[in-house]
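Note sheet for the following structure.
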Amino acid sequence: MKMLLTAIGKRVQLIKYLKKYGEIIGADAGELAPAISFVDKFYKIPKCTDITYIDSLLDICKKEKIDLLIPLYEREFNTLCNNREKFKELGITLLLSHKKIISMCNDKWNTYKFFIENNINTPISYTKENIENILKNNPEELSFPFILKPLDGMGSAGVFKANNKTQLEFFKDYIKEPIIQEFVEGTEYTIDVLCDLKGEIISIVPRERIEVRSGEVSKSKTVNHKEIIKDTLDLVNKLKQYIKEYKVYCKVASKNFNTLQLEKDEASVIGPLTIQCIVTKEKEIKFIEINPRFGGGVPLSFEAGVDYGKYFKCMVEKRKIKPIIGDFKEITMLRYDEAIFM
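For the sequence shown, full-length UniProt numbering begins at 1 and goes up steadily by one.
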C-alpha cells in the first residue's frame, strides 16, 4: 500500500506508525519539515491556495501509484473535497469527510449551531454582535470569565481568556471574527474517532489532556470513559444524519442543483475525527470542537491498541472492518523534544 501524506510538518510519530503497513510519500510546501527525514520519498508542493496545488498532487499520485491520500492540514480540506472525483478516477481513496462536514467543522459558530440543534451539550457561545448588544443593553447578564477564539482558528492560536468587561471589550475587537464562549472549568479530553469509508465507526478513544504546550498535548493518557464514548457515538451518528438531511434539502431546493456529486460521496464521515470536550466537576460532558483530521496526540491511540494502518489497508482493499469501540489499553504518553541535524 502506498500512502501520500500532505503537510507532513512535524508528524514524525504518525509516519513511523503508518510505515509498518506500506510506503509513505510525503508532501509539504516547505523544505525544512522534520518529517521529511522519515518518509520514503518527499515532494515539495505549492501551498494549498495556489492554483497548481491539485495538479501537483495528481501528478504525484500518478507517478507514485498512490492508493491512499491522507491530508493533514485543515486549510487544504475544502480544495481537496471539491476535487474528490479527480482522485477517485485514479483509483485513489481520499481519507476525508464530506465537504459539508468540513465546512461546518472549520467554522466554530456553525459547529456550535450543530451542537445546539442536535441537543448536544456545549458551552453557551456568542457572536461578536451578540456580546455587543448585551454589553450595551444588559451588561449585568454577563458572567465572567469568557474564552474568545477565531471562528476559523486552529489549535491554541489566537485563544484568549477575558476575566472582566475591559478585557472582553478589547479581545472581541482584537480577534477578527471571534466566537465568545462561557468558560467551563473541568478536565479536558480529546477523543480520537476513526470511521470507515461508509461512515461506520471503528473506534472511539478518549484521551485526557494532562499538559498542553502550544496547543498540542505533551502529556496525556487514554481513559475508558463510558459516558464520553456513549455521547461521542451519539454525536457522530448525528453528524451522519446531518449530511442525510443536507442531501434531501439539496434535491428538493432546486431541480437544477447538481446532486450527482452528493450521490457519489460514499459517506458523510470518513477517516479520522478529533473531538474536544470538557468534563465538569459535576460530571457534565460539554463538547467544544470537532476537527475532521488527526489530532497531534493520536499516536497515543495507536499505542493503546487501535491499529490505524491495518484499518487503512482494509479500506483500500475494500475489506469489512470489525468495530472495536471501547477496546483499548489505558496508558500514559509523555512527549519530549528531539532534533534533526542536517
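Each residue gets a CB set at the ideal place from its N, CA and C atoms; glycine is no exception.
The structure presented is a predicted model; accordingly, all values stated were derived computationally and were not measured.
Residue i vs residue j beta-carbon contact at 8 angstroms
i, j, result
"L300", "T222", "yes"
"L96", "C81", "yes"
"V306", "L14", "no"
"E64", "K2", "yes"
"K20", "G199", "no"
"Y189", "I228", "yes"
"L197", "I290", "no"
"P272", "C105", "no"
"F287", "L233", "no"
"L72", "K219", "no"
"I92", "I70", "no"
Cα-Cα separation, residue i to residue j
i, j, result
"C61", "K88", "11 angstroms"
"C195", "N237", "11 angstroms"
"I153", "L4", "The sequence shown places Gly at residue 153, not Ile. Taking the straight line joining both Cα atoms gives about 25 angstroms."
"T332", "V279", "19 angstroms"
"Y242", "H98", "11 angstroms"
"I25", "I131", "47 angstroms"
"F114", "F144", "25 angstroms"
"V212", "L239", "28 angstroms"
"S156", "E284", "23 angstroms"
"K226", "K136", "44 angstroms"
"E23", "V12", "14 angstroms"
"I116", "D40", "45 angstroms"
"A35", "I8", "6 angstroms"
"F294", "T6", "12 angstroms"
"S103", "N78", "7 angstroms"
"I120", "F341", "47 angstroms"
"P323", "N118", "25 angstroms"
"K165", "I202", "45 angstroms"
"V184", "K161", "11 angstroms"
"L18", "K320", "20 angstroms"
"L57", "V316", "19 angstroms"
"I51", "A29", "14 angstroms"
"E338", "N138", "52 angstroms"
Residue interval of the alpha helix (DSSP H) (run including residue i)
i, result
"F341", "Looking at the DSSP string, F341 is not in any alpha helix (DSSP H), and its letter there is neither H nor E."
"N110", "K108 to E117"
"V316", "Y308 to V316"
"V12", "V12 to L18"
"A154", "Before going further, note that residue 154 is Met rather than Ala in the sequence given. Counting along the chain, M154 falls outside any alpha helix (DSSP H), and DSSP gives it neither H nor E."
"S56", "Y53 to E64"
"N78", "F77 to N82"
Endpoints, the beta strand (DSSP E) within which residue i is located
i, result
"D173", "No beta strand (DSSP E) contains D173, which is instead part of the alpha helix (DSSP H) from K165 to Y174."
"C195", "G186 to C195"
"S125", "S125 to T127"
"residue 356", "No answer is possible for residue 356: it lies beyond the span of the chain, which begins at 1 and ends at 342."
Cβ neighbours of residue i in the same chain (closer than 6 angstroms, five flanking residues each side left out)
i, result
"L90", "C61"
"K108", "L151 and I179"
"Y43", "A27 and I60"
"G296", "E216"
"Q181", "P123, S125 and I147"
"Q167", "none"
Cut-off 8 angstroms between Cβ atoms - residues of its own chain near residue i, not counting five sequence neighbours on either side
i, result
"V177", "Before going further, note that residue 177 is Glu rather than Val in the sequence given. These residues qualify, in order along the chain: K128, P150, L151 and D152."
"M31", "Residue identity check: residue 31 is Glu in the sequence provided, not Met. Correct list, in chain order: K44."
"N224", "P206, G326, F328 and E330"
"E141", "I134"
Nearest-angstrom beta carbon gap, residue j and residue i [assumed within contact, 8 angstroms]
i, j, result
"I54", "N83", "5 angstroms"
"K10", "F38", "About 10 angstroms; that fails the 8 angstroms criterion."
"I204", "I325", "5 angstroms"
"I275", "V159", "Not confirmed; about 17 angstroms, so no contact."
Own chain, CB closer than 7 angstroms to residue i, minus 5 neighbours either side, in chain order
i, result
"S214", "S156"
"E208", "T187, Y189, S220, K221 and V223"
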